[in-house]
Structures are given as structure tokens and as C-alpha cells.
Amino acid sequence: MSSPKSLPTLRARGAPLASPDAQRALLRSLPIAREFEDALGGPLRATRIDVMQINVGKLCNQTCRHCHVDAGPDRREVMSRETMQLCLDALARTDIPTVDITGGAPELTPHFRWLVEQVRALGRHVIDRCNLTILETPTHRDLPEFFAENRVEVVCSLPHYARLSTDRQRGDGVHERSIRALRRLNEVGYGDGRSGLRLVLVTNPVGAFLPGAQASLETEWKREMKQRHGVSFDALYTITNMPISRYLEWLESSGNLQRYLDALVAAFNPAAARGVMCRSTISIGWDGTLYDCDFNQMLEMPVHASAPRHVRDFDRGLLEARTIELDRHCFGCTAGAGSSCGGATT
Amino acid sequence: MHRPHYYDEHDLGRFGEVGENAPELSKKFFEWYGAVFADGALSAREKSLIALAVAHAVQCPYCIDAYSKDALEKGSDLDQMTEAVHVAAAIRGGASLVHGVQMRNKANGISM
Ligand code: SF4
Ligand code: SF4
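Residue numbers (our numbering), protein chains in the order written: chain A, 196 to 541; chain B, 37 to 148.
Printed below as a string of C-alpha cells:
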């Protein structure tokens with residue numbers, strides 16, 4: 196069975212759900228057992244900032260069917276070097292230990308490598324959220340070496356260790372190219388458990404269901420990736436699909452939306468709620484706007500008005516005291532074992 | 037007009053009601069059921085695939101629904117799930133066919 200064709204971005208198609216307001220309105224139009232804040236029992240406050248997540252843009256070489264960014268080759272929003280400098284200035288004023296760079300395909304942003312080098316020069320840990328196929332493009336084939344030189348932690352998307360599911364979600368041929376890229380990361384020392392070059396795989400469900408137990412899947416994935424593909428890696432993260440953007444469109448058009456939202460609400464886990472990543476993360480958009488997380492960023496819900504809303508005004512104290520902006524999509528972070536950019540939270 | 041029928045997908049969600057007249061027995065069953073499917077010598081994913089195959093062998097629509105979803109959640113893909121159903125079908129087919137030996141014994145015993 197060949198994979199269903201990826202559609203162009205919502206933006207390129209002029210789809211109504213290209214608008215974040217339309218996405219939130221659609222979620223809000225559904226009957227629901229209780230609201231997120233009621234499930235939490237009150238507002239949610241930030242605790243500290245351990246991670247500065249920088250989304251450097253929506254440009255991507257892929258158009259995955261579930262993408263919460265609505266990223267794709269037609270998107271032109273990328274972070275300028277000036278805005279990167281503002282992020283670096285904010286970083287230099289704090290001791291935030293980790294910078295998590297995401298996109299789109301972040302490596303396509305013109306000043307990506309410069310940003311990585313500058314963050315390293317400040318002595319901070321860098322995570323790159325990598326779609327793997329970018330490493331197989333002619334202009335980016337040297338990225339494994341670049342990552343290794345800068346001791347970047349590489350966190351890669353791979354829906355499944357077998358071809359079928361990966362290609363259904365991400366496009367025909369993606370699985371094969373992803374495996375080739377992983378082998379090249381292994382060749383420079385990634386995932387060997389000794390070099391300190393950490394290689395993480397991220398799997399998210401290819402459909403309207405929740406991810407399985409992370410630890411159980413990790414054991415099996417390590418065995419299967421080694422046996423089938425000769426690939427080693429350090430950890431597997433399971434991530435729940437958020438009902439926003441292209442995944443939201445798919446949920447609606449396939450008749451799964453109500454059932455999926457009900458499943459997220461029913462699986463609300465108070466322990467996962469305590470560990471949601473927004474409490475310890477600040478997310479910066481391509482234009483420098485500050486958000487609680489990458490999902491709120493895509494829904495264009497900036498941080499609470501009591502905190503600065505642009506990276507040029509970055510104030511760690513005010514940001515760490517902020518109240519998190521919540522809506523129904525947040526149920527995606529608290530279902531079952533919980534979900535964050537670092538995988539399950541419980 | 038509401039037409040009742042023998043199988044209703046919503047009944048799956050009411051499974052717990054079977055305990056209403058035998059709470060102790062049902063408590064034991066559900067505890068045991070949960071323990072059966074935990075990671076052990078077999079992974080939770082492998083157990084889920086076995087359950088999917090058995091669901092086809094016993095032709096239980098509730099179990100087929102539940103374990104199609106569960107197998108995906110546990111990390112199986114459609115190729116693996118399809119092979120599991122073939123295993124169930126092969127055993128079912130083989131089980132019929134192997135009784136042909138009994139048929140032959142009987143037929144031969146009463147034939148000239
Ligand atoms: S999911 Fe990642 S790789 Fe796929 S289109 Fe979105 S940003 Fe690109
Ligand atoms: S969606 Fe963002 S704001 Fe909502 S709970 Fe998750 S991390 Fe926090």
C-alpha cells in the first residue's frame with residue numbers, strides 16, 4: 196500500500212484552519228466533559244526556566260500530515276540574525292542551561308549554524324530537533340559532523356521503526372532516508388552510549404490514538420532498530436499529537452475529532468499536569484515573541500500580559516512568575532503518561 | 037426507530053457493568069486481566085498482538101475494536117497486525133483441517 200499523499204500546508208491551500216483563531220474556535224465548539232482549568236483545579240503557574248526553546252521558523256523540506264507548525268517548503272517565516280542576537284543577549288544575562296532549537300526544519304534557517312556556535316560559546320547545552328531527511332539533502336550532508344563538533348544533542352522524529360507508518364505520516368521514501376541519516380549520525384559517534392553525543396528518537400502516533408508506554412517501547416525500539424537497520428540510539432520519547440494545525444484538520448476530516456478530544460479529556464492525569472513543560476520552558480517565535488510553549492506559539496497565544504512579550508524585553512524574574520495561558524489543546528499534555536518535548540512526563 | 041441489535045460499539049465502554057451482580061468475581065477478573073497484559077517475559081506490545089489474533093479467532097467484535105486500537109498504541113504497525121490475523125486464521129483453518137484425520141479414521145473404520 197502506498198502512502199497517502201502529503202497535502203501542501205494549510206496556508207498554501209488557503210484552508211480555514213490555517214488561522215489559529217479558527218483552530219481554537221473549532222476546539223471550543225465541541226461538547227466536552229470539563230475545561231482544562233477545571234481539571235487542573237485552578238490556574239497554572241510557571242516555576243522556573245530550565246529550557247529556552249527557540250523556534251527559528253516554519254520553513255521545512257517536508258510537509259508531514261500531522262505537523263502542528265503547518266511547516267513546509269512554501270513557508271517563509273524564519274528568524275533573522277538580529278532576533279537570534281536578542282535571544283543570545285537574553286541567554287547571556289541568565290544561566291538557563293539548555294537551548295532547544297526547533298522549527299520547521301531549523302537547519303534550513305540561514306543563520307542556524309551561527310546560532311548553535313554562539314550558544315555553545317556561552318557554554319550552554321544545545322538540542323536540535325531534526326527531521327533526519329534534511330541530513331540527506333546535498334547542502335546539509337555535513338550536519339552530522341557539525342553536530343558532533345558542537346556536541347549538539349540531536350532529537351529526531353521517526354514515527355516507527357518499520358517503514359509503513361513512517362511513510363504514511365511523513366511521505367513516501369522518508370523512512371529510508373531517515374535510516375540512512377541515522378546511520379551517518381552513528382558513524383560520527385552519536386548514540387553509542389560512550390561518546391556523550393546523545394541521539395534521541397521521537398515517536399508520535401500515526402493516527403487518532405495515544406502513544407504507548409515510553410519505557411516499554413524504548414526497549415523494543417532499541418532491539419528492532421539494531422536488528423533491522425543496524426542503528427543505535429540513546430533514548431526514545433513518546434509524544435502525544437496535539438489537536439492543532441494539520442493534525443486537527445486530519446482529525447476533523449477523518450471523523451475522529453470528537454472521539455480524540457474525549458479520549459484526551461478522559462485520560463487527564465494530575466501527575467502529568469504537575470510536570471507540563473510550560474512550567475519550566477520559555478518558547479521564542481521566529482519574530483522574537485515569547486510564548487509558554489511551541490503549541491501556544493502556533494496558536495498565537497503569547498505569554499500572559501504581566502510578563503514581557505518579546506525577547507528584547509526578556510526578564511527572567513517576571514517570566515518565571517507568569518501564569519500560563521491555557522486552552523483545550525492543553526489536554527494533549529496531560530493525557531495518560533503525559534507528553535512534552537522531552538517525552539512522557541510521569 | 038431505535039433498532040436494538042446484538043452488538044453495539046458503545047457496549048464496550050459498559051464492560052464494567054458485568055460486575056454489578058458479582059463484584060468480587062469481577063474485581064478478581066479485572067485485576068488478573070490487567071496483570072496479564074503488563075510487560076513481562078513478553079512485551080506489552082507482543083501481548084497486545086496475541087490478543088488481537090485471539091480476538092479474530094473468537095470473533096469478538098468488541099475485542100477486535102479494542103485491540104486494533106491497543107496494538108497501534110502499543111507500537112505495532114498495520115503490517116504486524118495483519119500478520120497476527122493471518123496467524124489466527126491459519127490456526128483456525130488448520131484446526132478444521134487436522135480433524136480431517138479423525139474423519140478419515142472414522143470413515144475408514146466403517147467402510148469396506
Ligand atoms: S512535523 Fe517536522 S518535519 Fe514534518 S513538516 Fe512539521 S516541522 Fe517539518
Ligand atoms: S499546551 Fe503548552 S501551555 Fe498547554 S499545558 Fe501543554 S505545554 Fe502547557
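Yeah, the Cβ is synthetic: ideal placement off N, Cα and C, and Gly gets one too.
Check whether residue i and residue j have beta carbons under 8 Å apart
i, j, result
"A/V321", "A/R363", "no"
"A/L377", "A/V426", "yes"
"A/V236", "A/A266", "Note on residue identity: the sequence assigns Gly, not Val, to residue 236 of chain A. For A/G236 and A/A266, no; Cβs fall outside 8 Å."
"A/S201", "A/T258", "yes"
"A/N256", "A/T332", "yes"
"A/P497", "A/T518", "no"
"A/E223", "A/W445", "One detail in the question is off: residue 223 of chain A reads as Arg in this sequence, not Glu. Cβ atoms of A/R223 and A/W445: not closer than 8 Å."
"A/M437", "A/H306", "no"
"B/M117", "B/A126", "no"
"B/A124", "B/V90", "yes"
"A/V460", "A/A228", "yes"
"B/D101", "B/E53", "no"
"A/L338", "A/V314", "no"
"A/L392", "A/A458", "no"
"A/I296", "A/I477", "no"
"A/A539", "A/Q422", "no"
"B/Y69", "B/L88", "no"
"A/P354", "A/R372", "no"
"A/F342", "A/D323", "yes"
"A/S411", "B/D115", "no"
"A/A468", "A/A241", "no"
Option in the options with minimal Cα separation from residue i
i, options, result
"A/N326", "A/V369, A/I249 and A/M437", "A/V369"
"A/C525", "A/P203, A/A410, A/D489 and A/N345", "A/D489"
"A/R389", "A/D429, A/A234 and A/R319", "A/D429"
"A/E340", "A/T297, A/I374, A/G384 and A/A357", "A/G384"
"A/S475", "A/T204, A/M247, A/P203 and A/L225", "A/M247"
"A/L205", "A/N451, A/R308 and A/L443", "A/L443"
"A/Q453", "A/E344, A/R523 and A/G252", "A/R523"
"B/K105", "A/I291, A/L225, A/G407 and A/G318", "A/G407"
"A/E344", "A/R365, A/A357, A/E312 and A/L456", "A/E312"
"A/A403", "A/L412, A/L380 and A/S448", "A/S448"
"A/L239", "A/T541, A/H499 and A/W416", "A/H499"
"B/F73", "B/K83, B/K64 and B/F65", "B/K83"
"A/A207", "A/V251, A/I244 and A/P268", "A/P268"
"B/I86", "B/V121, B/H41 and B/D75", "B/V121"
"B/G49", "B/D75, B/C99, B/H41 and B/R39", "B/C99"
"A/Y455", "A/M420, A/T435 and A/C473", "A/T435"
"A/L212", "A/R441, A/Q422, A/T433 and A/E413", "A/R441"
"A/D482", "A/A241, A/F231 and A/R276", "A/R276"
"A/D233", "A/T541, A/L521, A/T242 and A/P203", "A/L521"
"A/R288", "A/R507, A/S411 and A/G537", "A/R507"
"A/N381", "A/L412, A/S411 and A/L330", "A/L330"
"A/N451", "A/E302, A/L225 and A/T414", "A/L225"
"A/R418", "A/Y356, A/T433 and A/D367", "A/Y356"
"A/T433", "A/I439, A/T242 and A/W416", "A/W416"
"A/G386", "A/L412, A/I291 and A/L431", "A/L431"
"A/Q249", "A/P301, A/E230 and A/A210", "Per the sequence presented here, residue 249 of chain A reads as Ile, with Gln not at that position. Nearest option by C-alpha distance: A/P301."
"A/T328", "A/A210, A/S535, A/R375 and A/M420", "A/R375"
"B/Q95", "B/A71, B/E67, B/F65 and B/R128", "B/R128"
"A/R346", "A/H424, A/S214, A/T334 and A/R308", "A/R308"
Test: residue i CB closer than 8 Å to a CB of chain C
i, result
"A/F404", "Among the protein chains in the structure shown, which are A and B, there is no chain C."
Which residue spans inside the region 325-349 of chain A form an unbroken alpha helix (DSSP H) run of at least 4? The alpha helix (DSSP H) runs lying completely inside the region 325-349 of chain A and spanning 4 residues or more are 338-344, given in chain order.
Are there three or more Cβ pairs, one per stretch, closer than 8 Å when the region 510-518 of chain A is compared with the region 271-282 of chain A? Fewer than three beta-carbon pairs drawn from the region 510-518 of chain A and the region 271-282 of chain A are found closer than 8 Å, and the two stretches are therefore not classed as touching.
Stretch-stretch touch, CB-based, cutoff 8 Å, three pairs: the region 268-276 of chain A with the region 494-507 of chain A: No, the region 268-276 of chain A does not touch the region 494-507 of chain A.
Are three or more beta carbon pairs between the region 489-497 of chain A and the region 210-223 of chain A nearer than 8 Å? Touching, yes.
Check whether the region 344-361 of chain A and the region 382-399 of chain A touch, using three or more Cβ-Cβ pairs below 8 Å as the test. Yes, since at least three Cβ pairs between the region 344-361 of chain A and the region 382-399 of chain A fall closer than 8 Å, the two stretches touch.
Within the region 235-301 of chain A, ranges of the beta strand (DSSP E) (whole runs, at least 3 residues): List check, beta strand (DSSP E) in window: 246-250 and 293-297.
Going along the region 409-423 of chain A in order, which residues come within less than 9 Å of chain B, judged by CB to CB distance? Residues passing the 9 Å Cβ filter: A410, S411, L412, T414, E415 and W416.
Residues in the region 243-274 of chain A with C-beta within 9 Å of chain B's C-beta atoms, listed in sequence order? Cβ contacts with chain B: none found.
Beta carbons nearer than 7 Å to chain A: which residues of the region 85-106 of chain B have them? Interface annotation for the region 85-106 of chain B against chain A: K105, criterion Cβ-Cβ distance under 7 Å.
Any C-beta of chain B within less than 7 Å: which residues of the region 348-365 of chain A qualify? Hits within the stretch, in order: H355, A357, L359 and S360.
So if I threshold CB-CB distances at 8 Å, which residues from the region 47-78 of chain B count as touching chain A? Residues of the region 47-78 of chain B that bring their beta carbon within less than 8 Å of a beta carbon in chain A comprise D75, in sequence order.
Closer than 8 Å between beta carbons: that is the criterion. Which residues of the region 419-451 of chain A meet it against chain B? Residues: none.
Take every Cβ of the region 521-535 of chain A, pair it with every Cβ of the region 448-465 of chain A, and state whether three or more of those distances are shorter than 8 Å. With the cut-off at 8 Å, the region 521-535 of chain A and the region 448-465 of chain A touch.
Decide if the region 107-117 of chain B is in contact with the region 74-93 of chain B; the criterion is three or more beta carbon pairs, one per stretch, under 8 Å apart. Contact holds: three or more Cβ-Cβ distances are below 8 Å.
Taking only runs of the alpha helix (DSSP H) that begin and end inside the region 464-531 of chain A, which ones reach a length of at least 4 residues, in chain order? DSSP runs (the alpha helix (DSSP H)) wholly in the region 464-531 of chain A: 465-469, 489-493, 511-515 and 526-529.
What residues in the region 118-140 of chain B bring their beta carbon closer than 7 Å to a beta carbon of chain A? Taking 7 Å as the Cβ-Cβ cut-off against chain A, none of the residues of the region 118-140 of chain B qualify.
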